[in-house]
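Chain order of the listed sequences is A and B.
The first sequence begins at 181 in the working numbering and counts up by one.
The second sequence begins at 181 in the working numbering and counts up by one.
There are 2 protein chains.
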Amino acid sequence: MRRSGLDPPFPCERCPLRPLPSFKRLQDGELAFIARRKVGQKHVVAGDTVVAEGEAAAHVFTLLSGWAFRFKTMSDGRRQIMSFLLPGDILGLQAELLDVAPHGVEAVTDVSLCAFARDTVWSVYRVHPSLALDLTWLAAHGERLVDDAMLSVGRRTAMESVAALFVSLFKRAESAGLRVEDSVPFPLTQTLIADALGLSAVHTNRTIQRLRRMGLVRIADGRLAIGDLRSLRRVAQYWDQPAPLRPLF
Amino acid sequence: MRRSGLDPPFPCERCPLRPLPSFKRLQDGELAFIARRKVGQKHVVAGDTVVAEGEAAAHVFTLLSGWAFRFKTMSDGRRQIMSFLLPGDILGLQAELLDVAPHGVEAVTDVSLCAFARDTVWSVYRVHPSLALDLTWLAAHGERLVDDAMLSVGRRTAMESVAALFVSLFKRAESAGLRVEDSVPFPLTQTLIADALGLSAVHTNRTIQRLRRMGLVRIADGRLAIGDLRSLRRVAQYWDQPAPLRPLF
DNA sequence: ACGCGACTATAACACAGGTTAATGCAGGCG
DNA sequence: CGCCTGCATTAACCTGTGTTATAGTCGCGT
């Protein structure tokens, strides 16, 4: 647990994410505004805590690189992962608005985060209504992800859940510009997958083996490739709408 | 399925919810602004659809009276309830922002909804930044509810889940001004509870019986009373933060 | 008054997924 | 270089929860 301070900010003008086709273009002045509110870069090493459960809000962050996840734990150690965070995702909004983080955030890989000044949210609302609307869009979109996950945890079989998670993460990684050839980086351990789907680690393993033997997915060297997207979706009973361009802070 | 139009709006000035201690006071001019955007009252009878799954956004609504729920279904009929909606809750924000409702909304009891003009959201952002922030707060709060539910569905036992749901609904009903003596109205069928917790209806029944025999809850005549809140919370492993005042539209 | 549909309640049985335990492998570190 | 620790894997066994079936109650419409 390194008590990491903030490094000098990575310049927004050279942001590697913003040019990607999945992100929304900004209006005049908006980029400059965002860049001005950025106070630094936070680095967290794999396995460390980004935001502690129940902690007061430190900042609002955008995940620049690496993977993380939001989770809750019970006193006896049971843990539920609410959602995974990929590059471009925002975090800390709930904590900022609700005063105290209702969940923890932990880094899966080494992670770099763009930190925004403490009063950024409010100033966005005062001076850039369109950006404020984007912020609400992101909040609504975050809830949509959790809603989807909830359908898996509550009503899908283990097989269906795992398949749905793979499809969803593949698409999200792709939209974050992480796809190379037919695969995306895949840093999740089976324990993490289990905690996200409400399964045990053992059963998660059994299930992944089955998907492998069916030739639907390949996981090797920390990368995920999908053998047959059509079939995987069918197994998962998972169909999503094509994602519209999303805002990036 | 009655194709219900809009009745004349119930006047915001005589809103029965706003004076309740759990709602935030408004600044000058804000109430008038809200009242002006209100275009009518929508009534839906128990069991009918408020918003169809995958339907384009019709309006943004505030639930004035009655209970409803947000849900998703799979093609074979399995259903997951994401959250219950009680008086004072807002609905349709996601659909408005994401273009199409990612979930359906159905009325549990007869329901009355305050309908807002189609461009309300955007005009709030342009002219009342503080109200816009309230809107985002509500979005974040909605996600917090789902996060909590997800912990139940994913990691709590049936006993714990049901207990947690009862505690949470009791508190929410109370904050909506529905508590009389030691009980609140409780219109949910066991099937609805099952669909919210990812359980079967049969097992939900078994579990409720157990809680009853332990003397922790009483459900009768469509009302819920909690025998021993302390114990019920312990069974549920459920501890929440005291809720701050929430905005009401 | 009757029949019907929606809901609660219970029992008997089946199975998906949890638990425990043991093995192997790879990377980090003294 | 050998030891530890974290992770994937597999087997054997167990249990919480699902499934199917039956009955009882209540409210409602005709």
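Backbone N, C-alpha and C fix where the C-beta goes; we use that ideal spot for every residue, glycine too.
Quantities reported herein were computed from a predicted structural model and do not represent experimental measurements.
Residue i at chain B interface by Cβ criterion, 8 Å
{"i": "K351 (chain A)", "result": "no"}
{"i": "R413 (chain A)", "result": "no"}
{"i": "V230 (chain A)", "result": "no"}
{"i": "A319 (chain A)", "result": "yes"}
{"i": "K252 (chain A)", "result": "yes"}
{"i": "A312 (chain A)", "result": "yes"}
{"i": "G185 (chain A)", "result": "no"}
{"i": "C192 (chain A)", "result": "no"}
Cutoff 8 Å: residue i Cβ touching any chain A Cβ
{"i": "G334 (chain B)", "result": "yes"}
{"i": "D327 (chain B)", "result": "yes"}
{"i": "M330 (chain B)", "result": "yes"}
{"i": "M262 (chain B)", "result": "yes"}
{"i": "Q421 (chain B)", "result": "yes"}
{"i": "S292 (chain B)", "result": "no"}
{"i": "G378 (chain B)", "result": "yes"}
{"i": "Q221 (chain B)", "result": "no"}
{"i": "A344 (chain B)", "result": "no"}
{"i": "P427 (chain B)", "result": "no"}
{"i": "C195 (chain B)", "result": "no"}
{"i": "F241 (chain B)", "result": "no"}
{"i": "M181 (chain B)", "result": "At M181 (chain B), the pLDDT of 42 sits below 50, so the modelled position is not reliable and the matter cannot be decided from this model."}
Beta-bridge partners of residue i, as assigned by DSSP
{"i": "R250 (chain A)", "result": "A:S263 and A:V285"}
{"i": "R426 (chain A)", "result": "A:F203"}
{"i": "A236 (chain B)", "result": "B:V280"}
Enclosing alpha helix (DSSP H) for residue i [first to last residue]
{"i": "R403 (chain A)", "result": "Looking at the DSSP string, R403 (chain A) is not in any alpha helix (DSSP H); the run it does join, the beta strand (DSSP E), is R403 to I406."}
{"i": "Q274 (chain B)", "result": "L273 to L278"}
Beta-carbon neighbours of residue i, restricted to chain A and to distances below 7 Å
{"i": "L315 (chain B)", "result": "T316"}
{"i": "W247 (chain B)", "result": "Within chain A, no residue comes near W247 (chain B); the closest Cβ sits about 19 Å away, beyond 7 Å."}
{"i": "R258 (chain B)", "result": "R335"}
Per-residue contacts from residue i into chain B (C-beta, under 7 Å)
{"i": "R324 (chain A)", "result": "Q274, L278 and P282"}
Residue interval of the beta strand (DSSP E) (run including residue i)
{"i": "L244 (chain A)", "result": "V240 to S245"}
{"i": "M295 (chain B)", "result": "The residue asked about is misnamed: residue 295 (chain B) is Ala in this sequence, not Met. It spans V291 to F296 - the beta strand (DSSP E) in which A295 (chain B) sits, taken as one unbroken run."}
Under 8 Å from the C-beta of residue i: neighbouring residues of chain B
{"i": "S255 (chain A)", "result": "Q417"}
Interface residues of chain A facing residue i [CB-CB closer than 8 Å]
{"i": "P188 (chain B)", "result": "Simply none; closest approach about 29 Å."}
{"i": "R306 (chain B)", "result": "P309"}
Amino acids of chain B, ordered along the chain, whose beta-carbon sits closer than 9 Å to that of residue i
{"i": "P424 (chain A)", "result": "L278 and D279"}
Sequence ranges, beta strand (DSSP E) only - wholly within the region 354-418 of chain B, length at least 3: Counting whole runs of 3 or more residues, the region 354-418 of chain B contains the beta strand (DSSP E) stretches 363-365, 397-400 and 403-406.
For a minimum of 4 consecutive residues, which ranges assigned as the alpha helix (DSSP H) are wholly contained in the region 307-345 of chain B? Within the region 307-345 of chain B, the complete alpha helix (DSSP H) runs of at least 4 residues are 309-335.
Just list the alpha helix (DSSP H) runs in the region 184-234 of chain A, keeping only unbroken ones of 4 residues or longer that don't cross its boundaries, in chain order. Within the region 184-234 of chain A, the alpha helix (DSSP H) runs of at least 4 residues that lie entirely inside it are, in chain order, 210-217.
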